[in-house]
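Using this note's numbering, you'd call the opening residue of the sequence shown number 39 and step up by one each time. First the structure, in the form of structure tokens, and then the observations on it.
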Amino acid sequence: MSFLVFLPNTASYLITKGFLLLQRLHIMKDKNNRMQRLQNSMETYRKASVFLKANKLVIFNTTVITFVQRILLFAVTYVVYRSFGLTEQTLLTMVLLQAAISVSVDMLPLPGGMGISERLFLQIFAPLFGSTALTLSGMLLSRGISYYMLVILSGVITIITHLTVKPAPKDDES
Numbered sequence: 039m040s041f042l043v044f045l046p047n048t049a050s051y052l053i054t055k056g057f058l059l060l061q062r063l064h065i066m067k068d069k070n071n072r073m074q075r076l077q078n079s080m081e082t083y084r085k086a087s088v089f090l091k092a093n094k095l096v097i098f099n100t101t102v103i104t105f106v107q108r109i110l111l112f113a114v115t116y117v118v119y120r121s122f123g124l125t126e127q128t129l130l131t132m133v134l135l136q137a138a139i140s141v142s143v144d145m146l147p148l149p150g151g152m153g154i155s156e157r158l159f160l161q162i163f164a165p166l167f168g169s170t171a172l173t174l175s176g177m178l179l180s181r182g183i184s185y186y187m188l189v190i191l192s193g194v195i196t197i198i199t200h201l202t203v204k205p206a207p208k209d210d211e212s
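Now the structure itself:
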């Protein structure tokens, strides 16, 4: 997809030629105006490319904010680890292990990713927490803080916003 955004003309040329080749080989038929839909999709990516090139600071800021958010989310495991009175591991170790779990689960397009994530947590962090009971408690606390507290916080913010933000006045055209 990045190819379509950052090199739209090259991508358009290659995709169009590939599509025509598939038609000539009778692998694909041009029914329901596929070529036009393909061109429309590529135009959407071209517009995205223009937007990204014109708003580099926005992209940079979004990347930095996302990076900080992810680091803080991964650091929750370290806070839970320290709350049990454990001190052998560093923040960096815990964040990197949690990031490895996240990347591993995110790369697998499987439903029920939470189950896999929790299984990996138990296997990877068991030697660090020391006991199965402590690891399981750590996982429950870590997941509770990381996910469920964010859902609750988002709900509270949504309610506050709904109650305090006034809708824009409608123009009366009478």
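Idealized CB from N, CA, C, for every residue including glycine.
Item, Value
"Cα-Cα separation, glycine 168 to tyrosine 119", "11 Å"
"Cβ-Cβ separation, phenylalanine 112 to valine 4 (assumed contact under 8 Å), whole Å", "Look at the range of the chain in this structure, 39 to 212, and you will see that residue 4 is not part of it."
"Nearest to leucine 174 (by Cα), restricted to the options Ile190, Leu188, Met187 and Ser155", "Ser155"
"Tyrosine 186 - containing alpha helix (DSSP H), residue span", "That residue, tyrosine 186, is in no alpha helix (DSSP H); it is neither H nor E in DSSP."
"Nonlocal neighbours in the same chain, by C-beta distance under 6 Å from threonine 115, ignoring five residues either side", "Met132, Gln136 and Ser180"
"Through-space distance from serine 50 to arginine 75, alpha-carbon basis", "12 Å"
"Environment of phenylalanine 98 [buried if 16+ CB atoms lie within 10 Å]", "exposed"
"Cutoff 6 Å; reference glutamine 127; Cβ partners in own chain excluding five residues on either side", "Leu166"
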